[in-house]
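Asks: Structure in structure tokens, see below.
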Amino acid sequence: AIAGAYGVRGEARVKSFTADPLAFADYAPLESEDGARQFSVKVTRPVAGGFAARLGGVPTREAAEALKGTRLYAPRDRLPPLETDEFYHADLIGLAAFDTGGAPLGRVLAVDDFGAGDVIDIGGPGLRTLTLPFTRAVVPTVDIAQGRVVIDPPAEVIAPDFGKEDAAEGDDG
């Protein structure tokens with residue numbers, strides 16, 4: 005993602021979300037989310053929160069600053085092959101989520117890594133969001149072909165009314 009301009013010569017500050025943070029440039033040209041723009045990438049130096057990079061077609065500081073917030077994507081055919089039981093986060097978003105008994109829990113809303121390992125958010129319209137560790141113990145089954153994951157959440161995080169809007173909201177007792 006482009007975090008803004010860096011310096012006065014048109015470099016952009018880029019935040020990388022690849023397993024090897026510097027490897028994002030290996031997948032260039034990167035595309036904007038809508039695919040309307042492509043950017044060649046030349047990393048110039050590490051900076052706080054990411055890297056400074058020259059992006060093709062971005063000649064000035066003002067042009068780089070105008071791209072702040074733009075998400076950059078690598079075409080799937082440039083991504084490395086996955087090992088068994090590895091998944092691209094984008095492939096998990098939207099999968100139906102079920103508990104081990106087959107009851108629906110919602111859908112995968114997000115998969116994030118905040119530094120202590122991946123977490124998976126499960127929920128949907130009218131449902132509370134449940135954030136759980138994305139581990140084999142908690143997510144024993146990921147079946148992308150069938151469009152589903154099986155969740156085995158720790159008992160202490162599932163209340164009997166899970167899946168309903170917070171029933172206690174506005175309740176004083």
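Going by this note's numbering, the first residue of the sequence shown is number 5, and it counts up by one from there.
Every residue gets a Cβ at the ideal spot worked out from N, C-alpha and C, and that includes glycine.
Enumerate, from N- to C-terminal direction, the unbroken beta strand (DSSP E) stretches of 3 or more residues contained entirely within the region 103-164.
Replies: Correct list: 108-117, 122-127, 134-137, 145-147 and 152-155.
Asks: Do you know how far the Cα of Ala56 is from the Cα of Ala29?
Replies: To locate residue 29, count along the sequence shown from 1; it is residue 25. To locate residue 56, count along the sequence shown from 1; it is residue 52. Looking at the two C-alpha atoms, the distance is approximately 11 Å.
Asks: Could you check what DSSP says for Pro79 in three-state terms: helix, strand or coil?
Replies: Numbered from its first residue, the sequence shown carries residue 79 at position 75. Three-state result, Pro79: coil.
Asks: Flag this pair as touching only if the region 91-101 and the region 32-49 have three or more C-beta atom pairs under 8 Å; answer yes or no.
Replies: Touching, no, given that fewer than three Cβ pairs across the two stretches are closer than 8 Å.
Asks: Decide if the region 66-81 is in contact with the region 12-29; the criterion is three or more beta carbon pairs, one per stretch, under 8 Å apart.
Replies: With a cut-off of 8 Å, the region 12-29 and the region 66-81 count as touching, because enough Cβ pairs lie within range.
Asks: Out of Asp24, Leu34, Val51 and Pro85, point me to the one whose CA is closest to Gly11's CA.
Replies: Counting from one through the sequence shown, the residue named residue 11 turns up at place 7. Of Asp24, Leu34, Val51 and Pro85, the residue nearest in Cα terms is Val51.
Asks: So what's Phe43 in DSSP terms, helix, strand or just coil?
Replies: Within the sequence shown, the letter at position 39 stands for residue 43. Strand at Phe43.
Asks: Report the rounded CA-to-CA distance for Leu86 versus Val146, giving the unit in angstroms.
Replies: Counting from 1 along the sequence shown, the entry for residue 86 is found at position 82. Counting from 1 along the sequence shown, the entry for residue 146 is found at position 142. Rounded to whole angstroms, Leu86 to Val146 spans 14 Å at the Cα level.
Asks: Comparing alpha-carbon positions, which option in Phe21, Gly106, Gln150 and Phe43 lies nearest Glu15?
Replies: Counted from its first residue, the sequence shown places residue 15 at position 11. When only C-alpha atoms are compared, the closest one is Phe43.
Asks: Going by the DSSP bridge assignment, what does Pro50 pair with across the sheet?
Replies: Numbered from its first residue, the sequence shown carries residue 50 at position 46. Pro50 is bridged to Phe55.
Asks: From what residue to what residue does the beta strand (DSSP E) around Leu34 run?
Replies: Start at 1 with the first residue of the sequence shown, and residue 34 comes out as number 30. Its beta strand (DSSP E) spans residues Leu34 to Ser36.
Asks: Out of Arg132, Lys19, Val153 and Gln150, which one is the CA nearest neighbour of Thr74?
Replies: Counting from 1 along the sequence shown, the entry for residue 74 is found at position 70. Of Arg132, Lys19, Val153 and Gln150, the residue nearest in Cα terms is Lys19.
Asks: Sort out for me which residues DSSP pairs Glu90 with in a bridge.
Replies: Here residue 90 refers to the residue found at position 86 when the sequence shown is read from its first residue. Note: Glu90 sits in no beta bridge, so no partner.
Asks: For Ala67, which residues of its own chain have a beta-carbon under 7 Å away from its beta-carbon, when the five flanking residues on both sides are left out?
Replies: Position 63 of the sequence shown, counted from the first residue, corresponds to residue 67. Closer than 7 Å at Cβ, skipping near neighbours: Gly14.
Asks: Quick check on Ala27: does DSSP put it in helix, strand or coil?
Replies: Locating residue 27 in the sequence shown gives position 23, where the first residue counts as 1. It is helical.
Asks: If Leu113 and Asp125 are in contact, beta carbons under 8 Å, what's the gap, nearest whole angstrom?
Replies: Start at 1 with the first residue of the sequence shown, and residue 113 comes out as number 109. Start at 1 with the first residue of the sequence shown, and residue 125 comes out as number 121. Right, their Cβ atoms sit about 4 Å apart.
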